[in-house]
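*Asks:* Using my numbering, the letters of the sequence shown map in sequence onto residues 1 to 420.
For glycine and all other residues, C-beta sits at the position ideal for the given N, C-alpha and C.
As the structure is a prediction and not an experimental result, all values here were calculated from the model.
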Amino acid sequence: MASPYLSHEYLRLEKEYDAVTRCNRCGFCETVCPTYMVSGKETLSPRGRNQAFRDILEGKNPDPKAAGDIFSTCLTCHACTNACFSQVPVARLMSSAREVSGPKAPARWIEKAVFRLFLPRRRLFSVLVWPAFLAARLCRWLGFLDGVLPDVPLLFGPECPPRTGPPSRTAAAVFSGCGIHYLFPGAARAFLRVMEKVDGGLVCSKPACCGLIPQSAGDPEGAKNLARKVIADFERTGAGTLVVDDDSCAGFMKGYGELLDGEPGAAAFAAKVRDLSQVLRERGLPEEFARGAFGGESATYHDPCQMGQGRKETRSPREVLRDLSGLKFVELEESDWCCGGAGTYCLKHPGLSQDILERKLENIGKTGAGFVVTQAASCLMQIGAGIRRKGWEGTVRALHLAELLEISRRGGVRSGRGRP
C-alpha cells in the first residue's frame, strides 16, 4: 500500500519513496560526499538531495525542474551509501530524481531518442560521436576548455576479431565500453591483446552501451532496456565470463540484479562480470606481460567509483601491479575518492569537478609515482586533464592497466617520463 504522503502524481515511484524516507538526516554522508566537502553547501550533500527529492514526491515542490541543478551535481559515486547506516541508495535515487526534474520536451524526447536508437548500436552511435570529437579538437585548437576536454582521437577502438572455433563455457567474452572505445583506442587495443593471450582467442560480445549513460542522465527505463540487450548478447556468445575493459561499465553491470529487480537471468549474469584485473587474478598473468624492466619505477592505483565505492572490489588491480617485474606499487591515499570525472560531469559542472580533482591530484603528488593506473575512461580523461593542467606531463602518466601491461610486454621503461 502506498504511503499517504506520496503524491498521486508519483505513485509509480513508490519504491524510490520508500528508499528516500529511510534517510534520517544524521549527516554521516556529509563526511564523505565530495561535492559537499568542497562546497560546504547543504543542497549539494546527499542529505540535502534526499530531502529535495522527498519534497517533490510528497507534492511539496510544485516545480521539480527548479531542483534539477541540485540533482545534477551528484557524482553518483556511492560514497554516501557506504557511510549510511540505513543504506539509502542515493545513486539510484538520483536517476529517478533527474527523470522528474530533467529537461522538458522536446529536449527530453531528443535525449531519449539518442539513448534508445543510437546507444544500442555502436556503429550508428559513431555517426554522432565523430562530429562531436571533431568539434572538441577544434575547441582545443582555439584554446576553449583547454585542460578539460581530452585530446580526443579521430580513430576509434578496434573491432574485436572473430574467434576461430566455438567457445567453451569456461571461455571469457570481452566487452568494450563506450568510453574506452571512443576516447582511448590505444587502451582498447592493449586490452584485446592481453585477453587474447589470457584466453587463447577472443569471444566478442556485441558492443553496446551498458546502460550507465541513460541511468546517470535520468532515464532508468532506457538503462534497463540496454541491460537486457547486453545480457541477451552475452548469452548468445556461449561464454561463461564477460570481461569488461572499463570499470565504470563493469561496476554498473555487476549491479544488473538490482537494476532489473529480480528479472530472470539478471543476477546470474552480474555474477559473471569481471574487469581485466579480476580475470588476470583468476586465470593468471601471462609471463610475457609480467617481465617488464621498470627499474624500480613506481605506480599507484585510482579506484573508479563504480567498482571501488560501488562494489568494494579493489584488491585485484593492486595484486596485478605487484606482480610486474621491477615495478614498485605505492598505495594512493583516498584511492576511492572520486576524481570528479563522472562521465560528462566535468563539462556540466567544471568548477565543482576541478575542485574535487584537486584533492585527488594532491594525493597523487604525494606518492611520487610515475604511473597513475586505473581502468575507467572517465577517470583517465579527468586525471589526464589534471596532469596536463599541473604541467606534470614529463613526470607522471595516467594509464589504463592494459596499457601498462603492454609497456611491460615490450620490456618496460625506466620511468613515467618515457614512452613505450
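1. For cysteine 80, tell me which candidate among Leu93, Gly68, Asp69 has the shortest Cα-Cα distance.
2. Would you mind stating whether cysteine 77 and cysteine 305 have Cβ atoms separated by less than 7 Å?
3. Do glycine 340 and leucine 361 have their beta-carbon atoms positioned less than 7 Å apart in this structure?
4. Can you give me the Cβ contacts of isoleucine 387 inside the same chain, cut-off strictly under 7 Å, excluding the 5 residues immediately before and after it?
5. Use the C-beta contact count for glutamine 215: other C-beta atoms within 10 angstroms, 16 or more gives buried, fewer gives exposed.
6. Can you tell which of Arg54, Thr73, Val198 has the C-alpha that lies nearest to the C-alpha of glycine 343?
7. Mind checking threonine 164: buried by the 16 CB within 10 Å criterion, or exposed?
8. Note down the Cα distance separating isoleucine 180 from tyrosine 5, rounded to an integer number of angstroms.
9. For the putative contact between arginine 12 and valine 88, defined by C-beta atoms under 8 Å, what is the C-beta separation to the nearest angstrom?
10. Give me the Cα-Cα distance between histidine 8 and arginine 123, rounded to the nearest whole angstrom.
11. Please report the straight-line C-alpha distance between arginine 414 and glycine 255, rounded to a whole angstrom.
12. Is leucine 380 helix, strand or coil by DSSP?
13. Where does phenylalanine 252 sit, in a helix, a strand or coil, going by DSSP?
14. How should serine 96 be labelled, buried or exposed, when 16 other C-beta atoms within 10 angstroms of its C-beta is the threshold for buried?
15. Do alanine 239 and alanine 171 have their CB atoms nearer than 7 Å?
16. Do valine 203 and leucine 242 count as a contact pair if the criterion is CB distance below 7 Å?
17. Determine the closest residue to serine 325 out of Ala83, Phe53, Ala173, Gly411, with distance taken between C-alpha atoms.
18. Is the Cβ of leucine 361 closer than 7 Å to any Cβ of chain D?
19. Helix or strand or just coil, what does DSSP make of histidine 181?
20. Evaluate the contact criterion for the region 289 to 297 versus the region 311 to 327: three or more CB pairs, one atom per stretch, below 8 Å.
21. What span of residues does the alpha helix (DSSP H) with phenylalanine 53 cover, start to end?
22. Where serine 39 and glutamine 354 are concerned, what is the direct C-alpha to C-alpha distance, given to the nearest angstrom?
23. Exposed or buried, which one is valine 26 when buried takes at least 16 other CB atoms within 10 Å?
24. Would you please state the rounded distance, in angstroms, between the beta carbons of threonine 300 and glutamate 331? I believe it to be under 8 Å.
25. Quick check on the DSSP output: what are the complete alpha helix (DSSP H) runs of length 4 or more inside the region 271 to 341, in order along the chain?
26. Could you pull out every residue in the same chain whose Cβ sits closer than 6 Å to the Cβ of methionine 253, ignoring the five residues on either side in sequence?
27. Which one of Ala208, Gly384, Ser3 has the shortest CA to CA distance from cysteine 346?
28. So if DSSP puts histidine 400 in a beta bridge, which residue, or which two residues, is it bridged to?
29. Does the pairing of the region 34 to 50 with the region 264 to 271 give three or more beta-carbon distances under 8 Å?
30. Nearest to alanine 402 by alpha carbon, out of Val372, Thr31, Arg311?
31. Excluding the five sequence neighbours on either side, which residues of its own chain have a C-beta within less than 6 Å of the C-beta of threonine 314, listed in chain order?
32. Does threonine 344 come out as helix, strand or coil in the three-state DSSP assignment?
33. In whole angstroms, give me the CA-to-CA distance for cysteine 338 and valine 174.
34. Which class does cysteine 204 belong to by DSSP, given the choice of helix, strand or coil?
35. Helix, strand or coil, according to DSSP, for cysteine 242 in the structure here?
36. Rounded to a whole number of angstroms, what is the C-alpha to C-alpha distance between serine 298 and threonine 367?
*Replies:* In short, the structure shows the following:
1. As a first step, residue 80 must be located in the sequence shown, where it is residue number 80. When Leu93, Gly68, Asp69 are compared, the shortest CA-CA separation from cysteine 80 is found for Leu93.
2. Position 77 of the sequence shown holds residue 77. Position 305 of the sequence shown holds residue 305. Yes.
3. On the sequence shown, position 361 is the one that residue 361 refers to. On the sequence shown, position 340 is the one that residue 340 refers to. Annotated as distal: leucine 361 and glycine 340, with beta-carbon spacing of 7 Å or more.
4. Locating residue 387 in the sequence shown gives position 387, where the first residue counts as 1. Listed in chain order, the non-local C-beta contacts of isoleucine 387 below 7 Å within the same chain comprise Glu393, Val396, Ala398, local neighbours out to five positions each way being set aside.
5. The residue given as residue 215 occupies position 215 in the sequence shown. Buried, because 16 or more other Cβ atoms sit within 10 Å of the Cβ of glutamine 215.
6. Along the sequence shown, read from residue 1 onward, the residue named residue 343 stands at position 343. For glycine 343, the nearest C-alpha among the options comes from Thr73.
7. By 1-based counting over the sequence shown, the position of residue 164 is 164. Because threonine 164 carries a pLDDT of 49, less than 50, the predicted location of this residue cannot be relied on, and no value is offered for it.
8. Position 180 of the sequence shown, counted from the start, is the residue given in the question as residue 180. Position 5 of the sequence shown, counted from the start, is the residue given in the question as residue 5. Taking the Cα positions, isoleucine 180 is about 44 Å away from tyrosine 5.
9. Position 12 of the sequence shown holds residue 12. Position 88 of the sequence shown holds residue 88. No, arginine 12 and valine 88 are not in contact; Cβ-Cβ is about 20 Å, not under 8 Å.
10. In the sequence shown, residue 8 corresponds to position 8, counting from 1. In the sequence shown, residue 123 corresponds to position 123, counting from 1. Cα-Cα distance, rounded: 42 Å.
11. For this step, residue 414 is matched to residue 414 along the sequence shown. For this step, residue 255 is matched to residue 255 along the sequence shown. Because arginine 414 sits at a pLDDT of 46, beneath the cut-off of 50, its placement in the model cannot be relied upon, and the following sentence gives the value as read from the coordinates. Each residue's alpha carbon lies about 39 Å from the other.
12. As a first step, residue 380 is located in the sequence shown; it is residue number 380 there, counting from the start. The answer is helix: DSSP assigns leucine 380 an H, G or I state.
13. Residue 252 sits at position 252 when you count from the first residue of the sequence shown. Shown here, phenylalanine 252 sits in a helix according to DSSP, grouped into three states.
14. Position 96 of the sequence shown, counting from 1, holds the residue named residue 96. Residue environment for serine 96: buried (at least 16 other C-beta atoms within 10 angstroms of its C-beta).
15. Reading the sequence shown from its first residue, position 239 is the one you call residue 239. Reading the sequence shown from its first residue, position 171 is the one you call residue 171. Their beta carbons are under 7 Å apart, which means alanine 239 touches alanine 171 by this criterion.
16. On the sequence shown, position 242 is the one that residue 242 refers to. On the sequence shown, position 203 is the one that residue 203 refers to. Not closer than 7 Å, so no.
17. The residue given as residue 325 occupies position 325 in the sequence shown. Selected option, being the one with the closest Cα: Gly411.
18. Annotation note: the requested chain D is absent from the structure, which comprises a single protein chain.
19. Counted from its first residue, the sequence shown places residue 181 at position 181. Three-state result, histidine 181: helix.
20. Enough Cβ pairs lie closer than 8 Å, so yes.
21. Reading the sequence shown from its first residue, position 53 is the one you call residue 53. For phenylalanine 53, the enclosing alpha helix (DSSP H) stretches over residues 46 to 57.
22. Mapped onto the sequence shown, residue 39 falls at position 39. Mapped onto the sequence shown, residue 354 falls at position 354. Across the structure, serine 39 and glutamine 354 are spaced so that their CA atoms are roughly 12 Å apart.
23. As a first step, residue 26 is located in the sequence shown; it is residue number 26 there, counting from the start. According to the sequence as given, residue 26 is cysteine; it is not valine. Cysteine 26 is classed as exposed because its beta carbon has fewer than 16 other beta carbons within 10 Å across all chains shown.
24. Here the question's residue 300 lines up with position 300 in the sequence shown. Here the question's residue 331 lines up with position 331 in the sequence shown. Indeed, because the Cβ distance is near 7 Å, the residues count as touching under 8 Å.
25. Listed in chain order, the complete alpha helix (DSSP H) runs (minimum 4 residues) inside the region 271 to 341 are 276 to 283, 287 to 290, 315 to 322.
26. Within the sequence shown, the letter at position 253 stands for residue 253. These residues qualify, in order along the chain: Cys210, Val273.
27. Within the sequence shown, the letter at position 346 stands for residue 346. Check the Cα spacing between cysteine 346 and each of Ala208, Gly384, Ser3: the tightest is with Gly384.
28. On the sequence shown, position 400 is the one that residue 400 refers to. Thr374.
29. As far as the Cβ criterion goes, the region 34 to 50 does not touch the region 264 to 271, which means the pair count is below three.
30. Locating residue 402 in the sequence shown gives position 402, counting from the first residue. Here the closest residue by C-alpha is Val372.
31. Numbered from 1 along the sequence shown, position 314 holds the residue referred to as residue 314. Correct list, in chain order: Asp303, Gly308.
32. Position 344 of the sequence shown, counted from the start, is the residue given in the question as residue 344. If DSSP states are grouped into helix, strand and coil, threonine 344 belongs with coil.
33. Position 338 of the sequence shown, counted from the first residue, corresponds to residue 338. Position 174 of the sequence shown, counted from the first residue, corresponds to residue 174. Across the structure, cysteine 338 and valine 174 are spaced so that their CA atoms are roughly 26 Å apart.
34. In the sequence shown, the residue the question calls residue 204 occupies position 204. When secondary structure is reduced to three states using DSSP, cysteine 204 falls in the strand class.
35. Counted from its first residue, the sequence shown places residue 242 at position 242. Correcting the residue identity first, residue 242 is leucine in this sequence and not cysteine. When DSSP states are grouped into helix, strand and coil, leucine 242 belongs to the strand group.
36. Numbered from its first residue, the sequence shown carries residue 298 at position 298. Numbered from its first residue, the sequence shown carries residue 367 at position 367. Distance between the alpha carbons of serine 298 and threonine 367 is about 9 Å.
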